[in-house]
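Only one structure is covered here, and it is reproduced in the block below.
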Amino acid sequence: MLNLIIAEAALELVPSEISRHASVRNDASRRELDPSRILLDRSIHHAAMLKLRDDYKRGRPDLVHLTLLSVTSTPLYQTGRVKVFIHTCDDVVLEFREGTRPPKSYFRFRDLMQQTLVERPDSGLITLFEATVPRLLKRIGSDPAIGLSVQGKPISLEDLAARLEGAENPAVLVGGFPKGHFTPQTTEALDELARIDANPMDAHVVAARLVYEVEKAHGKSSS
Ligand SMILES: C[S@@+](CC[C@H](N)C(=O)[O-])C[C@H]1O[C@@H](n2cnc3c(N)ncnc32)[C@H](O)[C@@H]1O
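Oh and the sequence shown: position 112 is 1171 in the working numbering, straight run, nothing missing.
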């Protein structure tokens, strides 16, 4: 079973320090919600976000949604051979029960994430808890834990997939952010940092390619 972690994901509620900014208040009042109950979204809250630490890495729930769909729409996921976690930039983890299908509509995904982050219900389909990447990896008991990054050591996806296929409980981290790199805290918790292409790609493309390669490696090993 592959554990796939969308790490340091740009998915969070609007932080209190910008909840009074006009772009946030207008968005919240249009949707008849309290500013503390809406997702931070760069396409709407750009002006307010300029005040935030690491703003360039945050406020992209759409990108997290795309990455999640690119994994959960695959045969590997649908046959229960990959478990998905979203680890957010503020150290909240959403663990998806095997086979759980997230909404395909972005607006339904956004509403589900808002409700989950505010109310923290345990629906059985998504379990929420607080954890840094090192704590999450310990909880999963992953071996090895491999982070994908343009800063990593070059490896072909085929070789990486063959390694994952031969491991008992591997975890792969894909950054759920639009720009920048994993924090030192994340990098230090990894066994390895791997680069699968000389050029940077979007997280959803990387996740889809990884899953496809793991499917092929599994096909080879079981034929
Ligand atoms: C849009 S990128 C983040 C930008 C960052 N400069 C980077 O590529 O590491 C999102 C994620 O996709 C993965 N990624 C993108 N290009 C990659 C590559 N060539 N090799 C390995 N991972 C890659 C990484 O996990 C990265 O955190």
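Built from N, CA and C at the ideal position, the CB exists for glycine as well.
Only a predicted model underlies this, so the values are computations on that prediction, with no experimental measurement involved.
Determine the direct distance from the alpha carbon of Ile-1097 to that of His-1080, and round the result to whole angstroms.
Distance between the alpha carbons of His-1080 and Ile-1097: 13 Å.
Report the option in Ile-1065, Asp-1170, Ala-1106 whose CA atom is closest to the CA atom of Leu-1125.
Ile-1065
Could you give the residue range of the beta strand (DSSP E) that holds Leu-1240?
What sits at residue 1240 in the sequence shown is His, not Leu. It is not in any beta strand (DSSP E) - His-1240 carries neither H nor E in the DSSP assignment.
Spatial distance of Pro-1243 from Thr-1191 (CA atoms):
12 Å
Pair within 8 Å by beta-carbon distance, Ala-1204 and Ala-1248:
yes
Compute the minimum distance between the beta carbon of Ile-1255 and the heavy atoms of ligand 1, and state whether it is under 7 Å.
yes
Put Asp-1218 into one of helix, strand or coil per three-state DSSP.
If DSSP states are grouped into helix, strand and coil, Asp-1218 belongs with the helices.
Short of 8 Å in beta carbon distance, which residues of its chain neighbour Asp-1181, apart from the five on each side in sequence? Order them along the chain.
Within the same chain, Asp-1181 has close Cβ partners Leu-1187.
Tell me whether Gly-1234 is buried or exposed, calling it buried when 16 or more other Cβ atoms sit within 10 Å of its Cβ.
buried
Is it the case that the Cβ atoms of Phe-1155 and Pro-1162 are separated by a distance below 8 Å?
In terms of Cβ geometry, Phe-1155 and Pro-1162 do not form a close pair [threshold 8 Å].
Any heavy atom of ligand 1 closer than 7 Å to the Cβ of Pro-1203?
No, since every heavy atom of ligand 1 falls outside the 7 Å radius drawn around the Cβ of Pro-1203.
Per-residue burial, Glu-1001 [other beta carbons within 10 Å of its own, 16 or more giving buried]:
Residue 1001 cannot be examined here, being either before or after the span of the chain that is shown, 1060 to 1282.
Does the beta-carbon of Phe-1241 have 16 or more other beta-carbons within 10 angstroms, so that it is buried, or is it exposed?
buried
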